[in-house]
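Read top to bottom, the protein sequences are chains U and Y.
For what it's worth, our numbering labels the leading residue of the first sequence as 1, then goes sequentially.
For what it's worth, our numbering labels the leading residue of the second sequence as 1001, then goes sequentially.
Just so you know, even glycine gets a beta-carbon here, dropped at the ideal spot from N, CA and C.
One structure below.
Number of protein chains: 2
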Amino acid sequence: MAATTTTRTLHHPDLDDVELTSVLFALSDPTRLELIRLLATEGPQTVAQCQIAEPDVPKSTFSHHLKTLREAGLIRNEPSGRQRTISLRRADLDARFPGLLDSVL
Amino acid sequence: MAATTTTRTLHHPDLDDVELTSVLFALSDPTRLELIRLLATEGPQTVAQCQIAEPDVPKSTFSHHLKTLREAGLIRNEPSGRQRTISLRRADLDARFPGLLDSVL
DNA sequence: CCTACTGTTCGAGTTACATCGAACGGTCAC
DNA sequence: GTGACCGTTCGATGTAACTCGAACAGTAGG
């Protein structure tokens, strides 16, 4: 098949393809902003750990937010055993938009 | 009437009521971001002057963007004779979200 | 294997936002 | 006053995003 259909590895945009407007939009949702702050202070977390901070958000909704953040270039989402590790792309973001992350945290 | 119906003076949110998520959302549109950059570099402008930078945007659409930015607390829109003066609320924003504006400009 | 577990994807319903022409409101010039 | 001018508001339309349950995919353990 030409297209990748497995859900194993998800696509992450290259640093050069990360657009400021997309980043700002991704951060403009309270749930997502809160999650970014969690990752910034606590470091990489599993999805389940992230969800503890947002107990009222169903997992499909939460997964949607993770997708938005990932496609905007804010986080990485990598398989780790049966779970997945969510991490902030801080070095990338600091390189591309210096000071931005610091100012929203 | 109880409600203000005149279009003469428009409502601007108090500094304390300006929310980060609203600011980020307002900045997440390319046209609006461009306008903020114009105001930051060129200083206060009339609406007509702002529109020169975005020649393909109809004036009603442009006015909508101005409303979004104003309600988010990013700009002031004040009458000035027959025209209106659009200005960046830079001091307010720097006080409430230090470094944010600098990082997006 | 087969089951339980973690998290994504699909699909449908709802809501919010963008866009733009037309109508309106206020101001200045004459 | 009245006509031109600058800009907002209204109303209608299309589109994108949010929400969430149900179904699915990959992994580890017994």
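is_contact[residue i, chain Y] using C-beta, thresh 8 Å
i              : result
residue 13(U)  : no
residue 73(U)  : no
residue 102(U) : yes
residue 24(U)  : yes
residue 61(U)  : no
Residue i at chain U interface by Cβ criterion, 8 Å
i               : result
residue 1041(Y) : no
residue 1097(Y) : yes
residue 1029(Y) : yes
residue 1068(Y) : no
residue 1046(Y) : no
residue 958(Y)  : This structure cannot speak to residue 958(Y), because chain Y is shown only from 1001 to 1105.
residue 1088(Y) : no
Secondary structure of residue i, DSSP reduced to three states
i               : result
residue 10(U)   : coil
residue 1030(Y) : helix
residue 84(U)   : strand
residue 53(U)   : coil
residue 66(U)   : helix
residue 71(U)   : helix
Alpha-carbon to alpha-carbon, residue j and residue i
i               : j               : result
residue 69(U)   : residue 45(U)   : 15 Å
residue 1024(Y) : residue 1038(Y) : 17 Å
residue 78(U)   : residue 1064(Y) : 40 Å
One or two residues paired with residue i in a DSSP bridge
i               : result
residue 1078(Y) : 1085(Y)
residue 1045(Y) : 1086(Y)
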